[in-house]
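Student: The structure under discussion is supplied below as structure tokens; questions concerning it will follow.
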Amino acid sequence: GTSWKPGVQLERGTKYKIVAKGKDAKGRAVTENASFTTVSQANSFIGSYTPDNGKTVGVGMPVSFNFDKAITNKK
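Using this note's numbering, you'd call the opening residue of the sequence shown number 1 and step up by one each time.
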């Protein structure tokens, strides 16, 4: 019933390990270990958009998306 969100953007193509500690319904300490690897740089891209979140804009303000590399399969 809970979730985790990283405080910073994770690096691409990097293995991360997580150790989660908590208590069960009876108050006993529990620990769970997990690991995952983020997608490689070759298989991903980073996009940004404007206007940025929270900016006030008018009705005709264009929206644009920029990516950190060319998108080869635009479909």
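Note that the Cβ used here is the ideal one computed from N, Cα and C, for glycine as well. Here the structure is a predicted model, which means the values were calculated and not measured.
For the candidate residues N53, G7, F36, D24, whose alpha-carbon lies nearest to that of T14?
Tutor: With distances taken between Cα atoms, T14 lies closest to F36.
Student: Could you spell out the range, first to last residue, of the beta strand (DSSP E) harbouring A34?
Tutor: Looking at the DSSP string, the run of the beta strand (DSSP E) that includes A34 is 29–37.
Student: Determine the direct distance from the alpha carbon of Y49 to that of G85, and round the result to whole angstroms.
Tutor: For the chain, the structure presents residues 1 to 75; residue 85 sits outside this window and is missing.
Student: Quick one: Cα of I18 to Cα of G58, how far?
Tutor: Distance between the alpha carbons of I18 and G58: 44 Å.
Student: DSSP on N66, reduced to helix/strand/coil?
Tutor: Three-state result, N66: strand.
Student: Using a Cβ-Cβ cutoff of less than 8 Å, which residues in the same chain neighbour F45 once the five nearest sequence positions on both sides are dropped?
Tutor: F67, D68, K69, I71, listed in sequence order.
Student: On a Cα-Cα basis, can you pick out the residue from A20, R12, T2 that is closest to A42?
Tutor: It is R12 whose Cα lies nearest to the Cα of A42.
Student: Can you grab the Cα-Cα spacing for the pair A25 / T56, in whole Å?
Tutor: Using only the alpha carbons, I get a separation of about 47 Å.
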